[in-house]
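Plus 74 on top of the position in the sequence shown (first one is 1) and you've got my numbering. From the three backbone atoms N, C-alpha and C, an ideal C-beta is built for every residue, glycine too. Only a predicted model underlies this, so the values are computations on that prediction, with no experimental measurement involved. What follows is one structure encoded as structure tokens, with my remarks underneath.
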Amino acid sequence: MISTELNSFRTEVRDFLANNLTPEMRKAAALGFGIPKAIGQEWHKALFDQNWIAPSWPKEYGGTDWSLMQQHIFNEENALAGAPMIMPFSISMVGPVIYTFGTDEQKKQHLPGIMDGSLWWCQGYSEPGSGSDLASLKTSAVRDGDNYVVNGQKIWTTNAHKADWIFALVRTDKECKPQQGISFLLIDMNSPGIEVKPIVSIDGLHHLNEVYFTDVQVPVGNRIGEENKGWTYAKFLLGHERAGIAGVASSRRAIEALREISHQEPDNTGQTLAQDDVFIRQINQAEIKLEALAGIESKILSAMSGGKTVGAEASALKILGSELQQMLEEIRVKAVAYYAMPFDIYQIRGESDDTCIGPEYSVTAVSDHNFGRASTIYGGSNEIQRNVIAKGVLRL
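In structure tokens, the structure reads:
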């Protein structure tokens, strides 16, 4: 049962979104991580000015002091309204690491820019050959007086070409066990010796990159916590990265959009897809999966609200949520049929004045479907998540 107070809060969030979320922001939101930085920062500032930018942070660092249910409602309403994502690398990832493990000087230097969105961050974790097995990373940081000299390569680095700073895991000891020789560094992306090379992904957009470090000088004062203890901070951060990964509200919005599309697109008989039993059955099956996922999410939220620690059970949210996302993207491509064929990257980016060949909802159908193939990989691959469940829940 949702309390009167929570219903009032939901109304407050909806009113804010109605007054502050512009059509330009909604359109750009469809680009996900590919959103233009200026528009992303504009939306970030709107939330910052409302003191709503960091709901999960402690109040002393600018958090809202909301309950877990309020945070859930806030995220849900943003997704349902089609608001741009707040780039997670700052608010959801490195920010909590800094205010939890950082020095007073690090907090003073970095937290204001994270909060107001003036500085963007990226995550330097994965390397060629070190993805799911992150502890095998090879990028090195050798102590030289008051600096570390960093050499190596990171890959799949989202928004590195837009970022002002990168938080990176580096190897500071090659002689001990892999997890015990890693440190956590904050690195200015304008440092000499850093080279960013674009990776244009299968959706046709550029949000991924390779990052090369060649004799990059990083002050020791930019290290979080103790040397060789970076794995501890990395595990802490990953817990924040995977929060909300089920995407229930986004999938709910996608299902609503599919039902609207079904009344506009014809089937093979000349009727609309809304009259096609097979197509409607696919949407209904997706909705059943969504309600099951929402139930699991609600159960986990309830446990967390009661002070219980939730571990491996949350992996189910990632598995089911990502698979549902892919299912809905596939249905959308089928719905728009041949309108999905023209793959105009300038239309997808919103940089073309040409009229869409098909309806507007068809423009990004293939792009979203293609990039969505990665959703079962990033954030911890679903194969790894199943192993987590096997060990943590089934005790196998």
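### Query
So what's arginine 84 in DSSP terms, helix, strand or just coil?
helix
### Query
When we look at the beta-carbon of glutamine 345 and count the other beta-carbons within 10 Å, is it buried (16 or more) or exposed?
exposed
### Message
Against chain B, with Cβ distances strictly below 9 Å, would lysine 133 count as a contact?
### Response
The structure shown contains no chain B, having only a single protein chain.
### Query
Within 10 angstroms of its Cβ, does proline 274 collect 16 or more other Cβ (buried), or is it exposed?
The sequence given here has valine at residue 274, not proline. Valine 274 should be labelled exposed.
### Three-state secondary structure (DSSP) of tyrosine 199
coil
#### Entry: Assigned secondary structure, serine 166 (DSSP; H/G/I helix, E/B strand, else coil)
helix
### Query
Which first and last residues belong to the alpha helix (DSSP H) in which proline 97 is found?
97–103
### Query
When DSSP builds the beta bridges, which residues end up paired with leucine 282?
Ile273
### Residues near methionine 75 by beta carbon distance below 7 Å, same chain, minus five either side
Legend: pLDDT at methionine 75 = 49, less than 50; position of this residue unreliable, value from coordinates given subsequently. The answer is none, since no qualifying residue turns up.
### N- and C-terminal bounds of the alpha helix (DSSP H) containing tryptophan 117
111–123
### Beta carbon of phenylalanine 287 nearer than 9 Å to that of threonine 231
no
### Query
serine 77 by DSSP, collapsed to three states: which one?
coil
### Query
Do the region 251–262 and the region 139–150 touch if we need at least three Cβ pairs shorter than 8 Å?
no
### Residue burial classification, lysine 228 (beta-carbon count within 10 angstroms, cutoff 16)
buried
### Selection from Val322, Ala439, Tyr435 that minimises the alpha carbon distance to asparagine 149
Val322
### Task
Express the C-alpha separation of isoleucine 240 and serine 164 in angstroms, rounding to a whole number.
10 Å
### Query
For the putative contact between tyrosine 135 and tyrosine 173, defined by C-beta atoms under 8 Å, what is the C-beta separation to the nearest angstrom?
5 Å
### Message
Counting C-beta neighbours from all protein chains within 10 Å, is the total for glutamine 459 16 or more, i.e. buried, or is it exposed?
### Response
buried
### Task
May I have the straight-line CA-CA distance separating serine 130 from glutamine 145, to the nearest angstrom?
7 Å
### Query
Between the Cα of glutamine 197 and the Cα atoms of Gly191, Val168, Ala377, which residue gives the shortest distance?
Val168
### Query
Taking C-beta to C-beta, are isoleucine 109 and proline 186 nearer than 9 Å?
no
### Query
Below 8 Å, can you find three or more Cβ-Cβ pairs linking the region 354–372 to the region 386–402?
yes
### Message
For a quick check, are the C-beta atoms of arginine 406 and leucine 332 less than 9 Å apart?
### Response
yes
#### Entry: Simplified DSSP assignment, three categories, for asparagine 152
helix
### Query
Going by Cα to Cα distance, which pick from Pro272, Gln254, Ala153, His280 is closest to phenylalanine 107?
His280
### Task
Could you pull the start and end residues of the beta strand (DSSP E) that valine 224 belongs to?
221–228
### Task
Would you kindly work out how many angstroms separate the C-alpha atoms of leucine 95 and arginine 88, rounded to a whole number?
10 Å
### Query
Counting along the chain, where does the alpha helix (DSSP H) carrying aspartate 190 start and finish?
178–190
### Query
Which of the three DSSP states, helix, strand or coil, is assigned to alanine 215?
strand
### Task
Would you please state the rounded distance, in angstroms, between the beta carbons of arginine 327 and leucine 105? I believe it to be under 8 Å.
That belief does not hold up - the Cβ atoms of arginine 327 and leucine 105 are roughly 16 Å apart, past 8 Å.
### Message
Please classify glutamine 124 as buried or exposed, where buried requires at least 16 other C-beta atoms within 10 Å of its C-beta.
### Response
exposed
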